[in-house]
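Residues in the sequence shown are numbered consecutively from 1, following UniProt numbering. These notes concern the structure reproduced below.
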Amino acid sequence: MESVFTILHLVMAIINFSRANGTACTLQGEPAYPQIWKDGDIIVGGAFPFHSSWETIDLSYVVMPPPMKCMSLDLRALQLSQTLIFAVEEINNSSSLLPGVSLGYKIYDTCSFEAQGIRMAMALGNGNENSISNEPCTKPAQVQAIIGETYSSVSMAIATSIGPFSIPIISHYATCECLSDKRKYPSFLRTIPSDYYQSRALAEMVKHFGWTWVGAIRRDDDYGNSGMAAFTEIAVQLGICLEYSLPYFRTYSKERVLRIIDQIKISTSRVIVGFLDTWDLENLLHVFFEHNITGYQWVGTEAWIFDPELANLDKYNILQGAIGLAIPKAKVTGLQDFILDVKPLKSVGSGIFPEFWEALFECQYTMQNDSKGLPVCTGKEKLSEVENTFTDMSLMPIFSNVYKGVYAIAHTLHNLLGCKKTCPTKQQPDPLTFLEHLKKVYFKTKEGEEVYFDKNGDPPAKYDIINWQTNEVNQHEFITVGLYDSTLPNHDQLAINMESIVWAQNTNQVPISVCSENCPPGTRKAVQKGKPICCFDCIPCADGEISNMTDSIECEQCSQDYWSNSRKDECVKKDIEYLSYEETMGILLTAVSIIGAFLTMVISIIFFRYKHTPIVKANNSELSFLLLLSLTLCFLCSLTFIGQPSDWSCMLRHTAFGITFVLCISCVLGKTIVVLMAFRATLPGSNVMKWFGPLQQRLSVLVFTLIQVLICVLWLTISPPFPFKNLKTYKEKIILECNLGSTIGFWAVLGYIGFLAFLCFVLAFLARKLPDNFNEAKLITFSMLIFCAVWITFIPAYVSSPGKFTVAVEIFAILASSFGLLFCIFLPKCYIIILKPEKNTKKQMMGKTPVK
């Protein structure tokens with residue numbers, strides 16, 4: 001019905017402007033007269049909602065509808081009109097601003113209705129009087145600019161209808177972001193910040209308090225819908241989710257309101273963002289109380305957060321602890337006294353004065369049948385004797401916006417008219433020229449506040465952050481707890497004193513309103529399927545990954561040399577592992593190596609001490625001493641495998657091991673061949689010993705060893721071993737080991753040792769039953785059996801052992817095989833030398849002593 005009524009009034013307005021009889025214009029319908037007016041050289045228009053509602057009319061579409069009847073006088077609008085009058089009178093009395101030029105005003109009642117706003121705008125643009133015959137329909141604008149309107153929807157309607165005429169509209173309270181669109185509203189400006197900044201400030205404030213799961217109730221008009229759309233857009237960027245966003249208007253049916261209540265009851269969020277005005281919240285407070293909906297943390301806009309009337313109506317503390325944005329406190333010297341002095345309002349033309357007086361003093365201005373027993377107004381009533389909305393000066397910041405709008409018009413006129421000591425002309429400037437200069441105006445008020453407009457016609461955004469706190473007598477007080485200034489750098493725009501805030505239910509603890517609890521460091525967020533991004537599960541970071549802040553979206557991979565700690569919130573250096581001399585295993589292996597070398601040296605001393613005895617001289621004592629030397633080196637070369645790998649240690653450990661073991665096996669092989677040759681030499685006619693005498697034995701050891709030396713030289717030349725960080729075996733630690741370089745070289749060294757050992761084992765096995773009282777071939781057979789067993793088992797153990805245990809296995813194989821050779825070959829001889837010296841004779845060696 002409202003939309004139909006709006007269209008009807010638009011059609012009427014068009015008819016008023018464009019319908020002509022021949023060359024003359026005839027005004028159709030009921031003329032619109034200003035509620036307050038005063039003549040002047042240049043007229044300033046005003047559009048204020050003196051009434052907050054209107055009488056609904058049933059349209060028959062057969063006859064012309066009667067004039068609209070406005071109801072519910074709003075005393076706030078009277079305060080705004082008084083501010084406009086105050087500014088005009090102050091300018092007219094100024095000798096420095098527009099000297100010699102008087103400003104007048106025409107102030108209309110929009111009745112808080114879009115259609116009425118359009119009608120009033122048209123009246124301000126072209127007047128109401130019937131035109132004289134032959135007068136053209138198009139005339140110069142009646143007003144230079146329009147101050148108003150209060151509501152965004154009405155301002156949009158006025159700006160749309162009056163915009164083509166380039167008549168500026170300066171609003172003091174319309175905050176809808178949509179009005180910043182200069183393509184749709186080219187002549188609209190305002191002295192109150194756009195909801196774009198308010199929405200951003202609200203979203204940043206909600207984020208600052210840690211609320212990521214909030215509900216919202218918005219006024220179902222352009223102000224609420226546009227403001228909530230901007231808030232939602234910014235909230236998404238900041239990681240805030242809306243559980244619900246419910247439209248509301250005070251004319252909603254009871255069933256529709258109950259659906260809103262049910263939605264709030266089933267919600268889990270504890271914060272409600274209210275893009276509403278005072279009248280909407282007045283109605284909601286009663287409904288919330290009826291359904292016992294309390295304890296919610298309200299976040300409010302400047303439309304209601306600083307309204308004392310609403311605070312007085314909140315008897316049930318539903319809005320207790322509310323926090324929101326308010327226009328910064330302002331002061332206009334002399335304005336309060338002027339507003340409270342109603343004589344100027346009575347002296348000027350004022351069609352609304354009787355109704356205003358009756359509402360102000362609750363009396364009957366003129367005797368009527370429906371006087372309801374009210375006393376007759378005497379006209380001598382005093383404001384000091386009453387206390388109501390009109391006497392409340394809490395909305396001084398809004399009054400200041402009206403004041404600044406009037407002064408912006410005056411400064412622009414002053415510049416355009418070329419005024420200095422006096423203005424050379426009083427002619428009203430062209431609207432388009434005036435509009436372009438108005439957009440660029442810059443001045444300071446008498447209180448020192450800067451006034452200017454940006455490219456969208458908006459002033460800089462500054463807000464006080466207001467907190468509702470309950471005093472000792474259970475009344476709400478408005479406490480400033482912070483500020484928001486869009487002119488500052490991003491990180492400095494929002495400043496809040498958290499300690500001074502009192503929250504819902506009169507607590508000092510910040511309410512918690514999240515869909516899911518924050519994910520602590522060491523975890524990441526995983527969005528729950530089918531739910532907003534604010535509803536998530538906390539998944540622990542994988543090994544080697546960390547998250548070092550709350551609510552991380554993903555875990556970061558630690559760099560190559562680092563690993564995650566147990567809490568997965570910090571990358572720490574990986575433990576470096578290698579077989580060191582300080583650990584138990586390293587100490588034991590070192591001790592065993594030294595003991596082995598020491599025993600070998602002791603046996604060498606024994607052999608040297610008894611070198612002339614038959615058992616030492618048997619089978620070439622030179623090979624025995626060379627074998628003992630090589631065994632000593634074998635024991636000692638195992639020490640090169642212990643400690644932190646370096647370039648030299650990696651190359652030395654494998655080559656030293658390979659060469660010393662070949663030297664050792666070559667000596668054993670030489671002794672085995674000597675045994676075989678010695679047996680052959682005892683046969684009649686045999687002369688084999690001349691082919692394998694001491695010289696040949698030395699040469700054989702040298703040749704066998706040189707082959708291994710050649711293999712090692714090629715290995716070190718082509719691709720030598722080098723220190724290597726093994727990061728694959730253990731992810732949580734680094735294994736320092738020697739990379740073989742060329743695996744072919746490594747296995748060639750081992751293979752050659754294995755070949756000689758196998759050959760020695762076969763020859764010793766063949767000579768094990770040779771007829772001799774002391775057959776060394778048996779001892780060599782056992783030693784080679786142990787040697788081969790150790791190294792055969794070494795291969796799978798070496799391949800499967802991880803980290804430092806690989807090195808330990810190799811050292812163990814070296815030590816075990818060395819001890820096997822040492823004990824099997826030399827221990828029986830030492831036993832005879834030390835404990836059975838009677839057997840250490842030539843006859844005993846030759847087997848000529850009878851056995852007892």
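Quick reminder that beta carbons are idealized off the backbone N, C-alpha and C, glycines included.
(request) Just the C-alpha distance for V441 and N401, rounded to the nearest angstrom, thanks. (result) Counting from 1 along the sequence shown, the entry for residue 441 is found at position 441. Counting from 1 along the sequence shown, the entry for residue 401 is found at position 401. Pairing V441 with N401, the inter-Cα distance amounts to about 15 Å.
(message) Which residues does DSSP list as the beta-bridge partners of K106?
(response) For this step, residue 106 is matched to residue 106 along the sequence shown. In the DSSP output, where bridge partners are listed per residue, K106 has W37 and G45.
(message) Just verifying my parser: in three-state terms, what is the DSSP assignment at K525?
(response) In the sequence shown, counting from the first residue as 1, residue 525 sits at position 525. It is a strand residue.
(request) Whole angstroms is fine: what's the gap from A757's alpha carbon to L740's? (result) In the sequence shown, residue 757 corresponds to position 757, counting from 1. In the sequence shown, residue 740 corresponds to position 740, counting from 1. About 23 Å.
(request) For N312, count neighbouring C-beta atoms within 10 Å of its own C-beta (all shown protein chains included) and say buried if the count is 16 or more, exposed if not. (result) Position 312 of the sequence shown holds residue 312. It is exposed - the Cβ of N312 has fewer than 16 other Cβ atoms within 10 Å.
(request) On a CA-only basis, which of Y197, L73, Y173 and A322 is nearest E233? Give me that one, please. (result) Within the sequence shown, numbered from 1, the residue matching residue 233 stands at position 233. That would be Y197, whose Cα lies nearest to the Cα of E233.
(message) Please report the straight-line C-alpha distance between K531 and W213, rounded to a whole angstrom.
(response) As a working note, residue 531 is residue 531 in the sequence shown. As a working note, residue 213 is residue 213 in the sequence shown. Taking the straight line from one Cα to the other gives about 12 Å.
(message) Taking the straight line between their C-alpha atoms, what separation do you get for W298 and E477?
(response) For the purposes of this step, residue 298 is identified with residue 298 of the sequence shown, where counting begins at 1. For the purposes of this step, residue 477 is identified with residue 477 of the sequence shown, where counting begins at 1. Each residue's Cα considered, the two are about 15 Å apart.
(message) Between the alpha carbons of G210 and C534, how many angstroms are there, rounded?
(response) Here residue 210 corresponds to residue number 210 of the sequence shown, with the count starting at 1. Here residue 534 corresponds to residue number 534 of the sequence shown, with the count starting at 1. The alpha-carbon atoms of G210 and C534 are separated by roughly 12 Å.
(message) Beta-carbon within less than 8 Å of L202's beta-carbon, same chain only, minus the 5 sequence neighbours each way: which residues are those?
(response) Counted from its first residue, the sequence shown places residue 202 at position 202. The residues are F231, V273, V299, T301, G324 and L325.
(request) Could you tell me which of F188, I264, F165 and I167 sits nearest to S152, measuring between CA atoms? (result) By one-based count along the sequence shown, residue 152 stands at place 152. Of the listed residues, the one whose Cα sits closest to S152 is F188.
(message) Report the CB separation of Q364 from E358 in whole angstroms; it is logged as a contact under 8 Å.
(response) As a working mapping, residue 364 is identified with position 364 in the sequence shown. As a working mapping, residue 358 is identified with position 358 in the sequence shown. With 8 Å as the limit, Q364 and E358 qualify as a contact, their Cβ atoms being about 6 Å apart.
(request) Kindly give me the distance between the Cβ atoms of Q320 and A504, rounded to whole angstroms, as I take these residues to be in contact under 8 Å. (result) Residue 320 sits at position 320 when you count from the first residue of the sequence shown. Residue 504 sits at position 504 when you count from the first residue of the sequence shown. With 8 Å as the limit, Q320 and A504 qualify as a contact, their Cβ atoms being about 6 Å apart.
(message) Tell me whether the segment 824-833 and the segment 597-609 touch, counting them as touching only if at least three CB pairs, one residue from each stretch, are closer than 8 Å.
(response) yes
(request) With DSSP collapsed to three states, give me the class of K836. (result) On the sequence shown, position 836 is the one that residue 836 refers to. In the structure shown, K836 sits in coil (DSSP, three-state: anything other than H, G, I, E or B).
(request) For A201, write down the residues that DSSP places opposite it in a beta bridge. (result) Position 201 of the sequence shown, counted from the first residue, corresponds to residue 201. Looking at the DSSP assignment, A201 forms no beta bridge with any residue, so it has no partner.
(request) Thinking D41 and K426 are a contact (beta carbons under 8 Å), I'd like their distance in whole angstroms, please. (result) Counting from 1 along the sequence shown, the entry for residue 41 is found at position 41. Counting from 1 along the sequence shown, the entry for residue 426 is found at position 426. The pair is a contact, with the Cβ atoms about 4 Å apart (cut-off 8 Å).
(request) Going by CA-CA distance only, name the one from S801, L779, G751 and C760 that's closest to W791. (result) Walking along the sequence shown from the start, residue 791 turns up at place 791. It is G751.
(message) Pull the bridge partners of H476 from the DSSP assignment, please.
(response) Walking along the sequence shown from the start, residue 476 turns up at place 476. Per DSSP, T470.
(message) Quick test of your reading: G224 and E243, contact by CB under 8 Å. State the CB separation rounded to the nearest angstrom.
(response) Here residue 224 refers to the residue found at position 224 of the sequence shown. Here residue 243 refers to the residue found at position 243 of the sequence shown. About 18 Å; that fails the 8 Å criterion.
(message) Our contact map puts V701 next to L626 with C-beta atoms below 8 Å; I'd like the distance itself, whole angstroms only.
(response) To locate residue 701, count along the sequence shown from 1; it is residue 701. To locate residue 626, count along the sequence shown from 1; it is residue 626. That pair is a contact at about 7 Å.
(message) Which of the three DSSP states is assigned to S516 in this structure?
(response) The residue labelled residue 516 in the question sits at position 516 within the sequence shown. Three-state result, S516: coil.
(request) Tell me, to the nearest whole angstrom, how far the beta carbon of L483 is from that of I465; I am working on the premise that it is less than 8 Å. (result) By one-based count along the sequence shown, residue 483 stands at place 483. By one-based count along the sequence shown, residue 465 stands at place 465. 6 Å between Cβ atoms; contact.
(request) Leaving aside the five residues before and after P540 along the sequence, list all residues of the same chain whose C-beta is less than 7 Å from its C-beta, in chain order. (result) On the sequence shown, residue 540 is found 540 positions in, with the first residue counted as 1. Here the set comprises G522, T523 and K568.
(request) Find out if the Cβ-Cβ distance for the pair L73, F390 is shorter than 8 Å. (result) Walking along the sequence shown from the start, residue 73 turns up at place 73. Walking along the sequence shown from the start, residue 390 turns up at place 390. Cβ atoms of L73 and F390: not closer than 8 Å.
(message) Helix, strand or coil for M71? Go by DSSP, reduced to three states.
(response) Taking the sequence shown and counting its residues from 1, one reaches residue 71 at position 71. Strand at M71.
(request) Give the DSSP bridge partners of Y244, in chain order. (result) Here residue 244 corresponds to residue number 244 of the sequence shown, with the count starting at 1. Paired residues: G215.
(message) Which same chain residues end up closer than 7 Å to Y798 when comparing Cβ atoms and leaving out the 5 residues on each side of it in sequence?
(response) Within the sequence shown, residue 798 is the residue found at index 798, counting from 1. Closer than 7 Å at the Cβ level, and outside the excluded window around Y798, lie T806, V809 and E810.
(request) Return the residue from the list V62, V44 and S516 that minimises the CA-CA distance to C241. (result) Stepping through the sequence shown from its first residue, residue 241 is reached at position 241. Looking at the Cα atoms, S516 is the closest of the given residues.
(message) Give me the residue from P721, T672 and L714 with the minimum Cα distance to M784.
(response) Your numbering for residue 784 matches position 784 in the sequence shown. Looking at the Cα atoms, T672 is the closest of the given residues.
(message) Once the 5 residues before and after F288 are set aside, which same chain residues still bring their CB inside 6 Å of it?
(response) Position 288 of the sequence shown holds residue 288. The answer, listed in chain order, is I318.
(request) Could you tell me whether the Cβ atoms of L84 and I147 are closer together than 8 Å? (result) Reading the sequence shown from its first residue, position 84 is the one you call residue 84. Reading the sequence shown from its first residue, position 147 is the one you call residue 147. Yes, the Cβ-Cβ distance between L84 and I147 is below 8 Å.
(request) Measure the Cβ-Cβ separation of F794 and A813 and say whether it is below 8 Å. (result) Taking the sequence shown and counting its residues from 1, the one referred to as residue 794 is at position 794. Taking the sequence shown and counting its residues from 1, the one referred to as residue 813 is at position 813. Going by C-beta atoms, F794 is nearer than 8 Å to A813.
(request) Taking G117 and Q142 to be in contact with their CB atoms under 8 Å, please state how far apart those CB atoms are, rounded to whole angstroms. (result) Along the sequence shown, read from residue 1 onward, the residue named residue 117 stands at position 117. Along the sequence shown, read from residue 1 onward, the residue named residue 142 stands at position 142. About 16 Å; that fails the 8 Å criterion.
(message) Taking 8 Å as the threshold (C-beta atoms), are H208 and T191 in contact?
(response) Translated into positions along the sequence shown, residue 191 becomes position 191. Translated into positions along the sequence shown, residue 208 becomes position 208. Cβ atoms of T191 and H208: not closer than 8 Å.
(message) Measuring only the C-alpha atoms, how far is E577 from N726?
(response) In the sequence shown, the residue the question calls residue 577 occupies position 577. In the sequence shown, the residue the question calls residue 726 occupies position 726. Those two C-alpha atoms are separated by around 10 Å.
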